[in-house]
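Asks: The UniProt record's numbering puts the first residue of the sequence shown at 1, with every later residue one more than the last. Built from N, CA and C at the ideal position, the CB exists for glycine as well.
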Amino acid sequence: MPEVRGKLTAGRSLAELTWLRVGGAADWFFQPADIQDLGAFLAALPETIAVFPMGVGSNLIVRDGGLRAVVIRLGRGFNGITVEGSRVRCGAAALDAHVAKRAAEHGCDLTFLRTIPGSIGGAVRMNAGCYGTYVADVLAEATVVLRSGEVVTLGVEDLRFGYRSSALPEGAVLVEAVFDTPRGAPDALESRMAEQLAKRDATQPVKQRTAGSTFRNPLGRSSTGAADDTHELKAWKVIDDAGMRGARRGGAVMSEMHSNFLVNEGGATAADLEGLGEDVRAAVKAHSGIDLTWEVIRVGDPEAGL
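(1) Inspect the beta-carbon positions of Gly91 and Ala33 and report whether they are closer than 8 Å.
(2) When the Cα atoms are used, what is the spatial distance from Trp28 to Gly55?
(3) Hey, would you say Lys234 sits closer than 8 Å to Asn217, going by beta carbons?
(4) Tell me the DSSP secondary structure of Ile72 in three-state form.
(5) By how many angstroms is the C-alpha of Arg164 removed from the C-alpha of Arg249?
(6) Whole-angstrom Cβ separation of Leu8 and Ala26, contact assumed at under 8 Å?
(7) I'd like the ranges of any alpha helix (DSSP H) spanning at least 4 consecutive residues and lying wholly in the region 214-297.
(8) Just the C-alpha distance for residue 307 and Phe215, rounded to the nearest angstrom, thanks.
(9) Hey, how far is the Cα of Met1 from the Cα of His287?
(10) For Tyr131, count the other beta carbons within 10 Å of its own beta carbon; 16 or more makes it buried, fewer makes it exposed. Which is it?
(11) Starting from the C-beta of Met244, find all residues in its chain whose C-beta is less than 8 Å away, skip the five residues before and the five after it, and write them out in chain order.
(12) Once the 5 residues before and after Ala172 are set aside, which same chain residues still bring their CB inside 7 Å of it?
(13) Looking at the secondary structure, which residues open and close the alpha helix (DSSP H) in which Pro186 lies?
(14) Using only alpha-carbon positions, find the residue among Trp236, Ala140 and Gln36 that is nearest to Ser86.
(15) Could you tell me whether the Cβ atoms of Leu20 and Ala211 are closer together than 8 Å?
(16) DSSP on Leu113, reduced to helix/strand/coil?
(17) Looking only at C-alpha atoms, which of Leu292, Leu276 and Asn264 sits nearest to Thr18?
(18) Helix, strand or coil for Glu47, going by three-state DSSP, please let me know.
(19) Drop a sphere of 10 angstroms on the beta-carbon of Ser119, count the other beta-carbons inside from all chains shown, and report buried for 16 or more, exposed for fewer.
(20) Quick check: what's the CA-CA separation for Gly11 versus Gly66?
(21) Could you tell me the alpha carbon to alpha carbon distance between Ala128 and Glu3, rounded to whole angstroms?
(22) Output the boundary residues of the beta strand (DSSP E) element that contains Arg89.
(23) Assign Leu159 to one of three DSSP states: helix, strand, or coil.
(24) Rounded to whole angstroms, what is the Cα-Cα separation between Ala50 and Val70?
(25) By DSSP's criteria, Tyr134 is part of a beta bridge. Which residues make up the other side?
(26) Could you please give the first and the last residue of the uninterrupted alpha helix (DSSP H) stretch that includes Lys101?
(27) Quick one: what does DSSP say Gly212 is sitting in, helix, strand or coil?
(28) What residues in its chain sit with their C-beta under 6 Å from that of Leu60, if we drop five residues either side in the sequence?
(29) Relative to the C-alpha of Thr115, which residue among Glu303, Ala271, Gln196 and Thr293 is closest?
(30) With a 10 Å radius around its C-beta and 16 neighbouring C-beta atoms as the bar for buried, classify Ser213 as buried or exposed.
(31) Can you give me the Cβ contacts of Gly184 inside the same chain, cut-off strictly under 7 Å, excluding the 5 residues immediately before and after it?
(32) Excluding the 5 residues flanking Pro182 on each side, which residues of the same chain have their C-beta closer than 6 Å to its C-beta?
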């Protein structure tokens, strides 16, 4: 492996780094010292070795057999937040909630990020959104380190955002994002975030081991019957209609509080969680003909023999 100034660990377990607390080990786990260290590492890394950028593991299932890749996780040197006028610049490791709060203090409206679990890197990659606002609506530019080690700046047109998706290049590591924000009174923004938190806490199992929304909301249907991108039909509703609220497999359960949340009630394996998700998809398909799409990212190999 290339020489680094950061920390490079072989065989690092990923279970304790994910919110669901499941999964095997990564072949290698790299925590770069800074952007130059990251670029030099990627440039020297053989092309045959896969790269998987990892945030705080909030919407991730690592399968029980582990991950045949170098997992790259950004740390303290990549979590800064600065505000100049209506522009908010933040490192990819900054937590969404922290960015929302810091922005609000300066009268910048990124309140939609307050209740989204995870870090800014993942939010940009997945075009995270809530309450009708998405990252694509406010992103000015993103800085990424390509698999070749080159550092480039990408705009919204380069990232080609879609619903819960972007065109971030394969193997690229996002290191910084800049947002152009609407303005608002700090007190009003703080009040809005408090209301959002109260609503979330009343309707979602935030005190349990979950990975956020398990499935994307299905595509809607136009008056002609063709699929459209309104996503007004909610995943929890079709899960309920299929009788899968509270469904179980091993230590995994579809939350009674919000049926689009997979929960590790204790002792669940990654296979339990992913298997239950597939049970739900099959039940929904049989009941309504709808193909639910995973929102939780699943990576790695199953445990040997399973």
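Replies: Let me lay it out:
(1) no
(2) 15 Å
(3) yes
(4) strand
(5) 27 Å
(6) Not confirmed; about 11 Å, so no contact.
(7) 235-241 and 270-288
(8) Coverage of the chain is limited to positions 1 through 306, which leaves residue 307 absent and any answer about it impossible.
(9) 50 Å
(10) exposed
(11) Met254, Ser259, Asp279, Val280, Ala283 and Val284
(12) Val144, Val145, Leu146 and Arg147
(13) Pro186 to Thr203
(14) Ala140
(15) yes
(16) helix
(17) Asn264
(18) coil
(19) buried
(20) 9 Å
(21) 35 Å
(22) Arg87 to Gly91
(23) helix
(24) 6 Å
(25) Gly129
(26) Asp96 to Glu105
(27) strand
(28) Thr18 and Ile297
(29) Gln196
(30) buried
(31) Gly107 and Asp109
(32) Asp109
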